[in-house]
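Everything on this sheet refers to the single structure shown next.
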Amino acid sequence: MLSRKNKLLLFKLLSLFSVVRGYNILVITLAQYLASIYILAPNIPLRDVVLDLNLFLIVTASALTIASGYIINNFYDAEKDLINKPTKSMLDRLVSQRFKLTTYFILNFLAVFAASYISFRAVLFFSAYIFGIWIYSHKLKRIPFLGNLVSSTLAISPFFVVFVYYKNFQTVIFVHAIFLFLLILAREMIKDLESMAGDIAQDYKTIPIIYGPNVSKSLITLLIALTLIPALLLIRTFDVGYMYLYFMACIALLIFFLVLLWKADAKKHYVWLHNIIKFIIVAGVFSILLIDVDVVLNRIL
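Numbering follows the working numbering, in which position 79 of the sequence shown is assigned residue number 1497; successive positions increment by one, without gaps.
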């Protein structure tokens, strides 16, 4: 049996893991490595990619920066989350605001320190990334659509830095990036519908609050329609191996998503819609392995 002190420590660790959304960071880290191995550097031996110190430091700096970003976002949204996510908010509050801020600065320092080993340009990138996350959390997220746009850009930035590192500028990679960006932007707008109660209480000026849910739904519909374009291009124009099955499933699921979107009228419905897009994004990470099954088998075996 754990002592009271150990139980408290365990709950605080769970609280911190909840604040930094450790599960999201693990998925992003895996996505960066899979993209590097099977898309960005398919001709480099697996061992050389996995044991590349610079890549490891890029992924580490990305994870630390993202974790600190979740902390500062949680710090500014503490009151709003009490309304929108009461259960998670109570878990998050097991760690004091002061401790969160201290952790935030430590993580940012470690991220820049890791980047300094790579190059001065990496330091500039991660410093700008840290600042971008802070200014978004502090100011920009309250501005209709601009906040959604900035949030989506910040979300895709960890993949951009790996893309630049390998200097792989193939068109197919840009099309993949557009597909992912549009999905993330649609998810951000769904989150606005999901968190309307807390946003109203905290005087956030989001699109559904200013213009109404139907306008927000129309914009999300447009984004999903635009998402279908790169999905179709990746199926018909580019060689993505068996990953075409993933994109075909995405098209079917996104059409179903739109049907549910226009029927949705309660928070629980928007949570389901949010989870559908999240599932598509996470499934996309693992579907990278389908691009070339022979390469996967050769690299594993």
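For every residue, glycine included, the Cβ atom is placed at its ideal position computed from N, Cα and C.
Leaving out the 5 sequence neighbours to the left and right, which residues in its chain are closer than 7 Å to Val1530 when beta-carbon positions are compared? Numbered from 1 along the sequence shown, position 112 holds the residue referred to as residue 1530. Cβ neighbours of Val1530 beyond the five flanking positions: Val1541, Phe1544 and Ser1545.
Going by the CB atoms, is the gap between Tyr1622 and Ser1454 shorter than 8 Å? If you number the sequence shown from 1, residue 1454 lands on position 36. If you number the sequence shown from 1, residue 1622 lands on position 204. Contact flag unset, no.
Nearest to Ala1643 by CA position, among Ala1619, Val1677, Phe1538 and Ile1625, is which residue? Along the sequence shown, one-based indexing puts residue 1643 at 225. Residue Val1677 is the option with its Cα nearest to Ala1643.
Taking contact to mean at least 3 C-beta pairs separated by less than 8 Å, is the segment 1588-1601 in contact with the segment 1551-1565? no
My output table needs one value for Tyr1456: the three-state DSSP class, helix, strand or coil. Working through the sequence shown from its first residue, we reach residue 1456 at position 38. Three-state DSSP puts Tyr1456 in a helix.
Can you tell which of Thr1478, Ala1701, Ile1553 and Ala1619 has its C-alpha closest to the C-alpha of Tyr1664? Here residue 1664 refers to the residue found at position 246 of the sequence shown. Closest option to Tyr1664, Cα to Cα, is Ala1701.
For Gln1450, does the three-state DSSP call read helix, strand or coil? Along the sequence shown, read from residue 1 onward, the residue named residue 1450 stands at position 32. Correct three-state label for Gln1450: helix.
Measure the Cβ-Cβ separation of His1687 and Lys1609 and say whether it is below 8 Å. On the sequence shown, position 269 is the one that residue 1687 refers to. On the sequence shown, position 191 is the one that residue 1609 refers to. Cβ atoms of His1687 and Lys1609: not closer than 8 Å.
Own chain partners of Asn1472 with C-beta closer than 6 Å, once the 5 adjacent residues on each side are dropped: Here residue 1472 refers to the residue found at position 54 of the sequence shown. If we look at Asn1472 and ignore the five residues flanking it on each side, its Cβ neighbours are Ile1536.
Residue environment, Gly1487, which counts as buried when at least 16 other CB atoms sit within 10 Å: If you number the sequence shown from 1, residue 1487 lands on position 69. Burial call: buried.
Nearest-angstrom Cα separation, counted from Phe1517 out to Asn1586: On the sequence shown, position 168 is the one that residue 1586 refers to. On the sequence shown, position 99 is the one that residue 1517 refers to. If you take the alpha carbons of Asn1586 and Phe1517, they lie about 40 Å apart.
Check whether the segment 1475-1490 and the segment 1518-1528 are in contact - that is, three or more C-beta pairs closer than 8 Å. yes
Three-state secondary structure assigned by DSSP to Ser1537: For the purposes of this step, residue 1537 is identified with residue 119 of the sequence shown, where counting begins at 1. Reduced to three states, the DSSP call for Ser1537 is coil.
What is the rounded straight-line gap between the Cα of Leu1572 and the Cα of Leu1603? For the purposes of this step, residue 1572 is taken as residue 154 along the sequence shown, with counting starting at 1. For the purposes of this step, residue 1603 is taken as residue 185 along the sequence shown, with counting starting at 1. Using only the alpha carbons, I get a separation of about 11 Å.
Helix, strand or coil: which one does DSSP assign to Lys1585? One-based indexing of the sequence shown puts residue 1585 at position 167. Here Lys1585 sits in coil by DSSP.
How long is the line joining the alpha carbons of Phe1704 and Ser1575, rounded to whole angstroms? Start at 1 with the first residue of the sequence shown, and residue 1704 comes out as number 286. Start at 1 with the first residue of the sequence shown, and residue 1575 comes out as number 157. If you take the alpha carbons of Phe1704 and Ser1575, they lie about 19 Å apart.
Could you tell me which uninterrupted beta strand (DSSP E) segments, each at least 3 residues in length, are contained entirely in the segment 1591-1621, listed from first to last along the chain? none
Rounded to whole angstroms, what's the CA-CA distance from Ile1699 to Leu1601? Just pull it up for me. For the purposes of this step, residue 1699 is taken as residue 281 along the sequence shown, with counting starting at 1. For the purposes of this step, residue 1601 is taken as residue 183 along the sequence shown, with counting starting at 1. In a straight line, the C-alpha of Ile1699 is about 8 Å away from that of Leu1601.
Close Cβ partners of Val1779 (< 6 Å) along its chain, the five nearest in sequence each way excluded: In this structure the chain extends from 1419 to 1719, so residue 1779 is not present and cannot be described.
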